[in-house]
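From first to last, the protein sequence lines are chains A, B and C.
My numbering puts the first residue of the first sequence at 309, with every later residue one more than the last.
My numbering puts the first residue of the second sequence at 13, with every later residue one more than the last.
My numbering puts the first residue of the third sequence at 180, with every later residue one more than the last.
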Amino acid sequence: MAQVSSIADEQISTPVSSSKSITLRIARYNPEHDDSSMFMEFTVPCEKWTTVLEAILEVKKYFDHSVAVRYSCRQATCGSCGMIINGKPRLACFTKISELNSDVVTVEPMNNFPIIRDLAVKFERLFDTHQKIKPYLIRDDTEIESDEKEFLQSPKEVEQYIQFANCIKCGLCNSACPTMATDSSFVGPQALAQAYRYVADSRDKGKDSRLKIIDESHGIWRCHFAGSCSQVCPKGVDPAMGIQLLRGYLLGFRS
Amino acid sequence: MTQDEHKEGIGGMFNPTRYGIERVAYWLMRLSGLGLLAYFIAHIYETSNILRGQVGWDEMMQMTQTLEGHIILAIVIGMCVFHTVNGVRVMLGYGGIGVGKPARPDYPYEPASQNYRHKIGIYSSIVLAAAAMMYGLAVMFGE
Amino acid sequence: MKIHYGTAIAAVALVAVHILMRLTQGFAESLEFESVLANYKFVPYAVMLELILILLSVHGFNGLRVILLELKQGRIYEKAVSYGCVVAMIGLIAYGSRTIIMTNMGMV
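Structure follows, in structure tokens:
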């Protein structure tokens, strides 16, 4: 009973957040009809826990249901709601309006991705480059054939790649990359980080074939270690680290 | 607006304001590299005037040993020092040195590759470039 | 790109010697005609200048090539940039070598 009352006390003592309004500027563009994009402004209420995605959904619900936005999990797991929020690539579901410290929130589609409509962009190039680096374990045998029935790894071996396995393919790194801003043929930080994820996996035997794929004119050498990819990654993947470690193999620093 | 690829373009590539000092270093590295290449070509032309004998050489020196010439040379010194020191930092990074070790990431996910070692490297290259410019100006105008 | 990194490291050491020579001789004095001529006629220094010329030309034009290749893509454009940079690099090396060799051989 005492425990229940303490919880009740806590609930009572929690300050009620004062609701305020912000101006949400949404970039509108339909490639089939429009020559250029334009911004539409909406005044939406927000609490200190309101995310940018919730504000966009508020607009869809009460002001303009035609705003195109891709989203799904609302918890930074599916990687669907990447967009430019106040000038930087962020996940809309993972960005609270209160942390932006601005009464005006501007949302635009991610750079370096073709626009489908408004905030929704095409992911074909990201998926193509991701697929290009063979994002799977390459071995001659399989777990089914192996006598041990499973490929054992020590915790230390897991640590070599687990950080890079957190990638949710949201594309924020590709959107922030300065090379991707102009180079249509660049493999991109997402795919390069994933190449390292598999190269560093002790179960994988496809290092040479992957290094061959990225050792090309618009491959790993187009990364200049600006680090913007790592700064915007919402899952702590740190693609810049993975790319430099991967480059170490090609430069002979690692074997 | 052509929306084929919706690439950010040169403006986005060179915008140094959004992604911290590392992006500024990337921008300065490119700019200083292009500046140094332009100076290098001009320097090769400048020194080729020695083939014109003493008169030709002195004429060229009169053209370059001016206030503007000294200021340009000071900027070149700054670009050279920054490009060199930052280049060493970047190459160490390319070899995987100082970029951190892979580990399970914890919120708020500070990227290990953007660590203080590299930030110190970038600030050092800027400070050293400024100091070298000052020294160059002192040498050029002190004589 | 390995050649880009290699030429950079080698050039840093040689350019440092080249700049130090200017400073140890006194900046204004080192730029006098006789002084510059003496430098060119000193074979080890002339060899060093030639090496700097080659290293920086390769590094500089390869850097320019990389920047241009990242700005725009396309098979013809990329070939034109690559060949253009190689031609410019060879041209600069030839022009600079002419100065070094002719001055070293006393043809001034």
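Note that the Cβ used here is the ideal one computed from N, Cα and C, for glycine as well.
From a predicted model like this one, the values you see are computed outputs, not experimental measurements.
- Under the DSSP assignment, LEU332/A falls in the beta strand (DSSP E) whose first and last residues are 328 to 336.
- Scanning the region 408 to 444 of chain A for uninterrupted beta strand (DSSP E) segments of 3 residues or longer gives 412 to 416, 423 to 425, listed from N- to C-terminal end.
- Identification of chain C residues near ARG101/B by a Cβ-Cβ cut-off of 8 Å yields none; the smallest Cβ-Cβ distance measures about 12 Å.
- CA-to-CA, the gap between MET286/C and ALA142/B works out to about 40 Å.
- CA-to-CA, the gap between ARG333/A and PHE431/A works out to about 24 Å.
- A residue is called buried once 16 or more other Cβ atoms fall within 10 Å of its Cβ, and TYR119/B, having fewer, is exposed.
- Closer than 8 Å at the C-beta level to chain A, one finds these residues of the region 252 to 263 of chain C: GLN252, GLU257.
- Looking at ILE272/C, LEU250/C, MET281/C, GLU229/C, the one whose alpha-carbon comes closest to that of ARG530/A is LEU250/C.
- Counting along the chain, GLY390/A sits inside the beta strand (DSSP E) bounded by residues 390 to 393.
- In the three-state DSSP reduction, VAL97/B falls in the helix class (H, G or I).
- Between the beta-carbon of VAL352/A and that of ALA428/A there is about 20 Å, and that puts the pair past the 8 Å contact cut.
- In the displayed model, CYS386/A falls within coil according to three-state DSSP, outside both helix and strand.
- In this structure, the beta-carbon distance from VAL151/B to ASN127/B does not fall below 9 Å.
- Residue state for PHE347/A is assigned as strand, using DSSP reduced to three classes.
- Distance check between TYR444/A and each of ASN420/A, TYR504/A, GLU362/A places TYR504/A closest, using alpha-carbon atoms only.
- Per DSSP, reduced to three states, the secondary structure at THR359/A is strand.
- If one requires a minimum length of 3 residues, no beta strand (DSSP E) run lies completely within the region 525 to 555 of chain A.
- For the pair ASP426/A and VAL375/A, the CB atoms are nearer than the 9 Å cut-off.
- In the displayed model, PRO353/A falls within a strand according to three-state DSSP.
- Going by C-alpha positions, GLN468/A is about 45 Å away from MET346/A.
- The residues LEU445, ARG447, PHE459, GLN461, in chain order, have a CB closer than 8 Å to that of ARG511/A in the same chain once the five nearest residues on each side in sequence are set aside.
- Taking a C-beta distance under 9 Å as the contact criterion, SER327/A and GLU355/A qualify as a contact pair.
- The C-beta distance from LEU434/A to ASN474/A rounds to 16 Å, too long to fall under 8 Å, and the pair is not in contact.
- For PRO463/A, there is no enclosing beta strand (DSSP E); the enclosing alpha helix (DSSP H) covers residues 463 to 467.
- Straight through space, the alpha carbons of LEU248/C and VAL260/C are spaced by roughly 7 Å.
- Contact between ASP411/A and THR331/A holds, with the beta-carbon distance rounding to 6 Å and staying under 8 Å.
- In the DSSP assignment, no residue is bridged to LYS457/A.
- Taking the Cα positions, ASN27/B is about 11 Å away from ALA37/B.
- Around the CB of LYS477/A, 16 or more other CB atoms lie within 10 Å, so the residue is classed as buried.
- The beta-carbon distance between ALA54/B and VAL93/B, rounded to whole angstroms, is 19 Å. This is too long to meet the 8 Å contact definition.
- Where LYS396/A is concerned, there is no enclosing alpha helix (DSSP H), although the beta strand (DSSP E) around it starts and stops at 396 to 399.
- At a cut-off of 9 Å, the C-beta of ARG518/A has no neighbouring C-beta in chain C.
- Between the region 489 to 497 of chain A and the region 525 to 543 of chain A, the count of Cβ pairs shorter than 8 Å is three or higher; the stretches touch.
- Excluding residues up to 5 positions away in sequence, nothing lies with its Cβ nearer than 6 Å to the Cβ of ASP16/B in the same chain.
- DSSP, reduced to helix, strand and coil, places LYS251/C outside both helices and strands of the structure shown, so it counts as coil.
- CYS264/C is not a Cβ neighbour of LEU234/C, given a cutoff of 9 Å.
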